[in-house]
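Residue numbers (the working numbering): 5 to 85.
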């Protein structure tokens with residue numbers, strides 16, 4: 005299991021990092037679909053870390069962490085970006 009931190013691409017909202025559980029390790033900079041307010045929106049993956057390394061962070065979370073469905077990540081940005 006992994007924790008995926010992503011920034012949703014929504015117009016008119018502050019830049020918020022959202023965290024999701026995932027069975028798959030998504031590469032940094034890839035674009036995945038997440039659900040925000042019952043809508044599917046694209047999001048850029050900021051980082052992905054193993055759940056075992058972030059166990060304390062999950063326990064201290066003040067909000068429920070949703071699960072990210074398994075999907076194929078899209079590479080929109082070049083690795084240099």
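Every residue gets a Cβ at the ideal spot worked out from N, C-alpha and C, and that includes glycine.
Per DSSP, what kind of secondary structure is residue i in: helix, strand or coil?
i          : result
residue 62 : helix
residue 53 : strand
residue 29 : coil
residue 68 : coil
residue 84 : coil
The beta strand (DSSP E) with residue i in it runs from where to where?
i          : result
residue 12 : 6-12
residue 39 : 35-40
Does the Cβ of residue i have 16 or more other Cβ atoms within 10 Å, making it buried, or fewer, making it exposed?
i          : result
residue 49 : buried
residue 47 : buried
residue 72 : buried
Cβ contact check for the segment 8-20 and the segment 57-67: 3 or more pairs under 8 angstroms: In short, these stretches do not touch, since the Cβ pair count stays below three.
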